[in-house]
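For reference, the structure discussed in these notes is given below.
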Amino acid sequence: MRHPHTRTTRRRVAGALTAGLLCTAGLAAPAVAAPARHPVAAPSLADGLALTPPMGFNNWNSTHCRADFNEAMVKGIADLFVDKGLKDAGYQYVNLDDCWALPDRDANGKLVPDPARFPNGIKAVADYVHAKGLKLGIYTSAGIKTCNSAGFPGALGHEYSDAQQFADWGVDYLKYDNCNNLGVDAKLRYRTMRDALRATGRPIVYSICEWGENKPWEWAGDLGHLWRTTGDISDSWGSMLSILKQNLPLAPYAGPGHWNDPDMLEVGNGGMTDTEYRSHFSLWSVMAAPLLIGTDLRTASQATFDILDNKEVIAVDQDPLGKQGTVVSSTGGRWVVAKEMKDGSRAVALFNESGTAQRIATTASAVGLPDAPAYTLRDLWQHRSYNTAGTLAATVPAHGTVLLRVSADPDWATHPPAAELGLDGSPFVEAGTPAALTTNFTDLGRTPARRVSVSLTGPAGWTVRATSATTATVLTTGRSLRTGWTVNAPAGTPTGSYGLVLKASYRSPTGESVTSTLPLTATVVLPPPTGTSYLSDLPWLSATSGWGPVERDTSNGESAAGDGHPITLGGVVYAKGLGVHAESEVSFYTGKACGKVTADVGVDDEKGTKGTVAFEVWADGTKVASTGVLTNAQPAQPLTADVTGAQVVRLVVTDGGDGIDSDHADWADARLSC
Numbered sequence: 007m008r009h010p011h012t013r014t015t016r017r018r019v020a021g022a023l024t025a026g027l028l029c030t031a032g033l034a035a036p037a038v039a040a041p042a043r044h045p046v047a048a049p050s051l052a053d054g055l056a057l058t059p060p061m062g063f064n065n066w067n068s069t070h071c072r073a074d075f076n077e078a079m080v081k082g083i084a085d086l087f088v089d090k091g092l093k094d095a096g097y098q099y100v101n102l103d104d105c106w107a108l109p110d111r112d113a114n115g116k117l118v119p120d121p122a123r124f125p126n127g128i129k130a131v132a133d134y135v136h137a138k139g140l141k142l143g144i145y146t147s148a149g150i151k152t153c154n155s156a157g158f159p160g161a162l163g164h165e166y167s168d169a170q171q172f173a174d175w176g177v178d179y180l181k182y183d184n185c186n187n188l189g190v191d192a193k194l195r196y197r198t199m200r201d202a203l204r205a206t207g208r209p210i211v212y213s214i215c216e217w218g219e220n221k222p223w224e225w226a227g228d229l230g231h232l233w234r235t236t237g238d239i240s241d242s243w244g245s246m247l248s249i250l251k252q253n254l255p256l257a258p259y260a261g262p263g264h265w266n267d268p269d270m271l272e273v274g275n276g277g278m279t280d281t282e283y284r285s286h287f288s289l290w291s292v293m294a295a296p297l298l299i300g301t302d303l304r305t306a307s308q309a310t311f312d313i314l315d316n317k318e319v320i321a322v323d324q325d326p327l328g329k330q331g332t333v334v335s336s337t338g339g340r341w342v343v344a345k346e347m348k349d350g351s352r353a354v355a356l357f358n359e360s361g362t363a364q365r366i367a368t369t370a371s372a373v374g375l376p377d378a379p380a381y382t383l384r385d386l387w388q389h390r391s392y393n394t395a396g397t398l399a400a401t402v403p404a405h406g407t408v409l410l411r412v413s414a415d416p417d418w419a420t421h422p423p424a425a426e427l428g429l430d431g432s433p434f435v436e437a438g439t440p441a442a443l444t445t446n447f448t449d450l451g452r453t454p455a456r457r458v459s460v461s462l463t464g465p466a467g468w469t470v471r472a473t474s475a476t477t478a479t480v481l482t483t484g485r486s487l488r489t490g491w492t493v494n495a496p497a498g499t500p501t502g503s504y505g506l507v508l509k510a511s512y513r514s515p516t517g518e519s520v521t522s523t524l525p526l527t528a529t530v531v532l533p534p535p536t537g538t539s540y541l542s543d544l545p546w547l548s549a550t551s552g553w554g555p556v557e558r559d560t561s562n563g564e565s566a567a568g569d570g571h572p573i574t575l576g577g578v579v580y581a582k583g584l585g586v587h588a589e590s591e592v593s594f595y596t597g598k599a600c601g602k603v604t605a606d607v608g609v610d611d612e613k614g615t616k617g618t619v620a621f622e623v624w625a626d627g628t629k630v631a632s633t634g635v636l637t638n639a640q641p642a643q644p645l646t647a648d649v650t651g652a653q654v655v656r657l658v659v660t661d662g663g664d665g666i667d668s669d670h671a672d673w674a675d676a677r678l679s680c
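Structural data, given as structure tokens:
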């Protein structure tokens, strides 16, 4: 991928230089890989620091090296930590990233804070932060320069002097990057700074930012308190998803004082929806990841604060047992991730990777809970408790996450029964033509749901009518109320997404009234054209790309629409097709009227020898064609998929298992036959 700012471009060059030097020395080049067959975590530091994942703020994701990164910003963030209750929620570190120093050391070899950014110096900022009961973090690199192209001084060869300077300023946290490292062994570089920090006598949390190049989870436990497992995150769905998939398998290496770090939070920076940001925050918490806010809180929305300040979700991240969540199941974009908690409960994330709402289900037994007559289920975003006979299920919106905390609680009967609201199929509507839908209300509880009533409402001007019963006197465990509906969008309604709301009310055996709502999306569509059409000429239902938008008839340019180049695979130029960047998903409405998708697929030539991707075609919930991992060295691969009877066809590109760097993928000459 072409990084959008100079710092990560420098990182990529530094990584290539390191790999080249290692190869020259006859050593294997570093690579991100899955954990060993029998993973064994390295011994952890016994200094009592970071016994739960660090929480705080880092400016980089919101400011990079711009002028608005300065003393006023840092103090303003500290003020907001207190004023907005974030300090009380557990956030404590206010961390400075790159660009805080001048490019040159002083005559004594000391680091010099940039007087334009920090006119009173770093110690004054630390004193201000400490006075509020917070802690200050700082940044440098385990190389001769930091990662920014301006060339700020790194700590390689200055470890003891710099560490002492940080301690004298009152620094409590060090992020130690990996740029411009001259090919010096990573373990040696990071060990030297560990020893230098120890020598200061000041307790300083040590964050190893090695990008996962040399699998630090296998060796950094007794060097630092946390280690980056991947390259930099960006404020996009594809980037967040790729990092999630790389970090999840590393659960055996995490624990109190030694954490996997999938990078800082992007919540609030504007590149994702609030639904996606809730998923981001939920999944980082289930993974026991550091929670370092990456947005400028001085301009953050209330929705952003509501996500970052959800104390029930934070409690999952900060659980003192220190277990990272593990994958219980993952099929068709439906993920179940469970985290063991100190009190014996389980935090359970039902995560929907796909672009359409899906039912995701598991059981109390599957997530590791003991047999019990029933369980207490707490929804950590709704902040409400229910009882369940053992089924954990929900209809989860596209890119959404339902986060539960489930326990074998003897007081389960004091809570009303859990109810699952759902919809059969996806609500696609052709304007002027009635569409048939079926909704479900299912009692998941051990106790009955009484006086059940459901309703479905649509946008103004739409007609929504029930065609079967909307009430039930009583529903016992596992029983459902299924209601048919006809939904009609007026003729001439523009294509696009429209909101429906399924609402249910019921009573518990004790008479407690419960109301549940499930927001749904109805999509007004056009029927697919008869014959063979280029997919790039057809409207899509949804389209996501790891960097930049999905492009029609050009490669992916990673930034604005239309910034790509002619699609080129193996020297062959294609006039038609879709250009994407992993992780990517593009979905099309086919209305059960189409039979075949064809394309030539591969990594676009514009990335040289870089990039690894895999292509998949899904017909509704079934994968009907795939390529396996492809590299830029391979010619275009022909791909044909039978999509007969599918209502929706999804074109998916994954990252090949090694992150999304340079993953420019082309669906060249992609066609749909109907």
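Going by my numbering, the first residue of the sequence shown is number 7, and it counts up by one from there.
Backbone N, C-alpha and C define an ideal beta-carbon position, used for all residues, glycine too.
Would you call the CB atoms of residue 559 and residue 542 closer than 7 Å?
-> What you label residue 559 is simply residue 553 of the sequence shown in a count that begins at 1. What you label residue 542 is simply residue 536 of the sequence shown in a count that begins at 1. Yes, the Cβ-Cβ distance between residue 559 and residue 542 is below 7 Å.
Beta bridge counterpart(s) of residue 504 as assigned by DSSP = Within the sequence shown, residue 504 is the residue found at index 498, counting from 1. DSSP output for residue 504 lists 528 as bridge partner(s).
DSSP state of residue 29, grouped into three classes?
-> Looking up residue 29 in the sequence shown gives position 23. Bear in mind that a pLDDT of 30 at residue 29, under 50, signals an unreliable position, so the number given afterwards is only what the model happens to contain. DSSP places residue 29 in helix when its eight states are reduced to three.
In this structure, does DSSP put residue 253 in helix, strand or coil?
-> As a working note, residue 253 is residue 247 in the sequence shown. In the structure shown, residue 253 sits in a helix (DSSP, three-state: H, G or I).
With 16 other CB atoms within 10 Å as the buried threshold, where does residue 371 fall?
-> As a working note, residue 371 is residue 365 in the sequence shown. Answer is exposed; the Cβ neighbour count stays below 16.
Residue environment, residue 411, which counts as buried when at least 16 other CB atoms sit within 10 Å = Within the sequence shown, residue 411 is the residue found at index 405, counting from 1. Its Cβ being crowded by 16 or more others within 10 Å, residue 411 is buried.
Specify the secondary structure class of residue 128 as computed by DSSP and reduced to three states.
-> As a working mapping, residue 128 is identified with position 122 in the sequence shown. Three-state DSSP puts residue 128 in a helix.
Would residue 132 pass as a contact of residue 142 if the rule is Cβ separation under 7 Å?
-> On the sequence shown, residue 132 is found 126 positions in, with the first residue counted as 1. On the sequence shown, residue 142 is found 136 positions in, with the first residue counted as 1. Going by C-beta atoms, residue 132 is nearer than 7 Å to residue 142.
Do residue 494 and residue 440 have their C-beta atoms within less than 7 Å of each other?
-> Sequence index remark: in the sequence shown, residue 494 carries index 488 (1-based). Sequence index remark: in the sequence shown, residue 440 carries index 434 (1-based). Yes. Within cutoff.
Secondary structure, alpha helix (DSSP H): runs of 4+ residues fully inside the region 134 to 213 = 165 to 175, 192 to 206
With a Cβ-Cβ cutoff of 7 Å, do residue 104 and residue 154 count as a contact?
-> Along the sequence shown, one-based indexing puts residue 104 at 98. Along the sequence shown, one-based indexing puts residue 154 at 148. Yes, the Cβ-Cβ distance between residue 104 and residue 154 is below 7 Å.
What are the boundary residues of the alpha helix (DSSP H) that includes residue 317?
-> On the sequence shown, position 311 is the one that residue 317 refers to. 317 to 323 is the span of the alpha helix (DSSP H), which, as asked, contains residue 317.
Minimum length 3: unbroken beta strand (DSSP E) runs contained in the region 434 to 502 | 441 to 449, 455 to 463, 469 to 472, 477 to 481, 486 to 494
Starting from residue 308, follow the beta strand (DSSP E) in both directions and report where the run begins and ends.
-> For the purposes of this step, residue 308 is taken as residue 302 along the sequence shown, with counting starting at 1. It is not in any beta strand (DSSP E) - residue 308 instead sits in the alpha helix (DSSP H) that spans 308 to 314.
Residue range of the beta strand (DSSP E) that residue 611 falls in?
-> Position 605 of the sequence shown, counted from the first residue, corresponds to residue 611. No beta strand (DSSP E) contains residue 611, which DSSP labels as neither H nor E.
Starting from the C-beta of residue 327, find all residues in its chain whose C-beta is less than 7 Å away, skip the five residues before and the five after it, and write them out in chain order.
-> Residue mapping note: residue 327 aligns to position 321 of the sequence shown, counting from 1. So the list reads 346, 347, 348, once near-sequence residues are dropped.
Anyone know if the C-beta pair for residue 260 and residue 266 falls short of 7 Å?
-> Counted from its first residue, the sequence shown places residue 260 at position 254. Counted from its first residue, the sequence shown places residue 266 at position 260. For residue 260 and residue 266, yes; Cβs fall inside 7 Å.
For residue 67, which of helix, strand or coil comes out of DSSP?
-> For the purposes of this step, residue 67 is identified with residue 61 of the sequence shown, where counting begins at 1. Residue 67: helix per DSSP, three-state reduction.
What first and last residue would you give for the alpha helix (DSSP H) that runs through residue 281?
-> The sequence position of residue 281 within the sequence shown is 275, counting from 1. Residues 280 to 292.
Once you ignore the five residues that flank residue 285 on each side, which residues in its own chain have a CB closer than 7 Å to its CB?
-> On the sequence shown, residue 285 is found 279 positions in, with the first residue counted as 1. Counting only Cβ-Cβ distances below 7 Å, and skipping sequence neighbours, we find 357, 405, 406, 407.
Distance CB(residue 451)-CB(residue 478) smaller than 7 Å = To locate residue 451, count along the sequence shown from 1; it is residue 445. To locate residue 478, count along the sequence shown from 1; it is residue 472. No, these two residues do not count as a Cβ contact at 7 Å.
Can you give the Cα-Cα distance for residue 636 and residue 588, rounded to whole angstroms?
-> As a working note, residue 636 is residue 630 in the sequence shown. As a working note, residue 588 is residue 582 in the sequence shown. Looking at the two C-alpha atoms, the distance is approximately 12 Å.
Mind checking who residue 657 pairs with in its DSSP beta bridge?
-> Your numbering for residue 657 matches position 651 in the sequence shown. 592, 623.
Which stretch, first to last residue, makes up the alpha helix (DSSP H) that contains residue 94?
-> Numbered from 1 along the sequence shown, position 88 holds the residue referred to as residue 94. Run containing residue 94: 92 to 95, per the alpha helix (DSSP H) assignment.
What separation, rounded to the nearest whole angstrom, lies between the Cα atoms of residue 42 and residue 549?
-> As a working note, residue 42 is residue 36 in the sequence shown. As a working note, residue 549 is residue 543 in the sequence shown. Note that residue 42 has pLDDT 46, beneath the 50 cutoff, so the model's placement of it is unreliable and the number below is only indicative. For residue 42 and residue 549, the gap between their C-alpha atoms comes out near 35 Å.
Is residue 604 closer than 7 Å to residue 488 when the C-beta atoms are compared?
-> Residue 488 sits at position 482 when you count from the first residue of the sequence shown. Residue 604 sits at position 598 when you count from the first residue of the sequence shown. Cβ distance not < 7 Å, so residue 488 and residue 604 don't count as in contact.
By DSSP, does residue 216 sit in helix, in strand, or in coil?
-> Taking the first residue of the sequence shown as 1, we reach residue 216 at position 210. Looking at residue 216 - three-state DSSP - the assignment turns out to be coil, as it is neither helix nor strand.
Roughly how many angstroms separate the alpha carbons of residue 79 and residue 384, rounded to a whole number?
-> The residue given as residue 79 occupies position 73 in the sequence shown. The residue given as residue 384 occupies position 378 in the sequence shown. Going by the C-alpha atoms only, they are around 37 Å apart.
Residue 501 to residue 525 span [Cα, whole Å] = Locating residue 501 in the sequence shown gives position 495, where the first residue counts as 1. Locating residue 525 in the sequence shown gives position 519, where the first residue counts as 1. Their backbone Cα atoms lie some 19 Å apart in a straight line.
DSSP on residue 248, reduced to helix/strand/coil?
-> On the sequence shown, residue 248 is found 242 positions in, with the first residue counted as 1. If DSSP states are grouped into helix, strand and coil, residue 248 belongs with the helices.
Starting from residue 648, follow the beta strand (DSSP E) in both directions and report where the run begins and ends.
-> The residue given as residue 648 occupies position 642 in the sequence shown. Bounds of the beta strand (DSSP E) holding residue 648 are 643 to 648.
Alpha-carbon to alpha-carbon, residue 614 and residue 571 | What you label residue 571 is simply residue 565 of the sequence shown in a count that begins at 1. What you label residue 614 is simply residue 608 of the sequence shown in a count that begins at 1. Spanning the two alpha carbons is a distance of roughly 14 Å.
Select from 491, 341, 667, 510 the residue whose C-alpha is nearest the C-alpha of residue 552.
-> Numbered from its first residue, the sequence shown carries residue 552 at position 546. Of the candidates 491, 341, 667, 510, the one whose C-alpha sits nearest the C-alpha of residue 552 is 667.
Assuming residue 274 contacts residue 307 under a Cβ cut-off of 8 Å, what Cβ separation, rounded to an integer in Å, is found between them?
-> If you number the sequence shown from 1, residue 274 lands on position 268. If you number the sequence shown from 1, residue 307 lands on position 301. About 7 Å separates the two Cβ atoms, so the contact holds.
Contact between the region 243 to 250 and the region 224 to 231: three or more CB pairs below 8 Å?
-> They do not touch, by the three-pair rule.
Taking residue 397 as the reference, give the member of 416, 480, 426 with the closest Cα.
-> As a working note, residue 397 is residue 391 in the sequence shown. Checking every option, the nearest Cα to that of residue 397 belongs to 426.
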